[in-house]
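A quick write-up on the structure given underneath.
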Amino acid sequence: RGFWIFDNVTHLQQLTDDVLSSPVHLFAPRDTYRFTPRESTNSQPDDPAAGENPEPGAPINFYLQDLPDENIEMVIQDQNERHVKTLVLQAPRVGLNRAYWDLRYESSEVPMLRTSALEHSHVKVGDRGYRPPPDGGVVRPLATPGSYKVKLTVGDEVLETQLTILKDPQSEATLEEMDELLEFQLQLRDMSNSVSILVNRIEWIRKDIIDLGQRFQGNSQYLTPLDLGKEL
1 RGFWIFDNVT HLQQLTDDVL SSPVHLFAPR DTYRFTPRES TNSQPDDPAA
51 GENPEPGAPI NFYLQDLPDE NIEMVIQDQN ERHVKTLVLQ APRVGLNRAY
101 WDLRYESSEV PMLRTSALEH SHVKVGDRGY RPPPDGGVVR PLATPGSYKV
151 KLTVGDEVLE TQLTILKDPQ SEATLEEMDE LLEFQLQLRD MSNSVSILVN
201 RIEWIRKDII DLGQRFQGNS QYLTPLDLGK EL
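Take the sequence shown: its position 68, counting from 1, is numbered 68 in the UniProt record's numbering, and each next residue is one higher.
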């Protein structure tokens, strides 16, 4: 004996003959709460009776009658049609598909370091030609409660639906405070991206100087320019 508990059957409730006969269909997603990760001090690790939680965020379901030759893209926009995030759809298949939006805006870019660390030659670049920064993280702005637009593009066909994010009932923050936090996070993300662009340019210049030094090593004609380049 046992019980089957289905966490989300919204798309099954909306599944009709018209949906099955259409080449592509975007289901209206259910409302999603804006939860932030928290763990109770009384929670037990590795509890065999604990269920498996779904991925965090908003599940968005769509239907494909056939696999198209064109790329499939899903984009989230806010109430002002400002771009929020482009979702990566992993291996879409014929029939029902599900994507997850983690309720985050686009993350900040991570600079790629293409040279060894100064005074730490043991730090190698690696076979891929770059290495990540030694520390630090990315900025991932969290969306605020409200209505968002979901746009699914399959070839020339564009489908839209609305997604509503609800406030965490246990959160004491006001909507105004959440909006202020979001704007701060977006500014911080954009500033971080500007720094990453600058770091990437510097790293390419450093790499070019190192490559030129190895290429013209021992050639006195290029010693002065290369020495000046190293000082950069």
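No residue lacks a Cβ here, since even glycine has one placed at the ideal position from N, Cα and C.
Pick helix, strand or coil for residue i, following the three-state DSSP scheme.
| i | result |
| --- | --- |
| Thr-10 | helix |
| Val-158 | strand |
| Asn-193 | helix |
| Trp-204 | helix |
| Phe-3 | coil |
| Phe-184 | helix |
| Leu-212 | helix |
| Leu-175 | helix |
| Val-199 | helix |
Give me, in chain order, the residues of the same chain whose beta-carbon lies closer than 8 Å to that of residue i; leave out the 5 immediate sequence neighbours on both sides.
| i | result |
| --- | --- |
| Gln-162 | Ala-28, Ser-147, Tyr-148, Lys-149, Val-150 |
| residue 292 | Only positions 1 to 232 of the chain appear in the structure, and residue 292 is not among them; the question remains open. |
From residue i to residue j, what distance separates their C-alpha atoms?
| i | j | result |
| --- | --- | --- |
| Ile-165 | Thr-36 | 13 Å |
| Arg-98 | Ile-205 | 43 Å |
| Phe-62 | Leu-142 | 24 Å |
| Arg-82 | Leu-186 | 12 Å |
| Ser-196 | Asp-190 | 10 Å |
| Leu-20 | Gln-65 | 7 Å |
| residue 237 | Val-84 | One cannot answer for residue 237 here, as it falls past the ends of the chain, which runs 1 to 232. |
| Val-138 | Asp-18 | 43 Å |
What residue does the beta strand (DSSP E) around residue i start on, and which one ends it?
| i | result |
| --- | --- |
| Val-75 | 72 to 77 |
| Ala-99 | 95 to 101 |
| Arg-34 | 32 to 34 |
| Thr-86 | 83 to 87 |
| Phe-62 | 58 to 64 |
Along the chain, where does the alpha helix (DSSP H) containing residue i start, and where does it finish?
| i | result |
| --- | --- |
| Leu-20 | 17 to 21 |
Among the residues of its own chain, which have a CB less than 7 Å from the CB of residue i, if the five just before and after it don't count?
| i | result |
| --- | --- |
| Glu-70 | Val-154, Gly-155 |
So with Cβ pairs under 8 Å, would you call residue i a contact of chain C?
| i | result |
| --- | --- |
| Gly-129 | No chain C appears in the structure shown, which is made up of a single protein chain. |
Among residues of its own chain, excluding the 5 on either side of residue i, which ones have a beta-carbon nearer than 6 Å to its beta-carbon?
| i | result |
| --- | --- |
| Glu-183 | none |
| Ile-72 | Leu-89, Pro-92, Val-154 |
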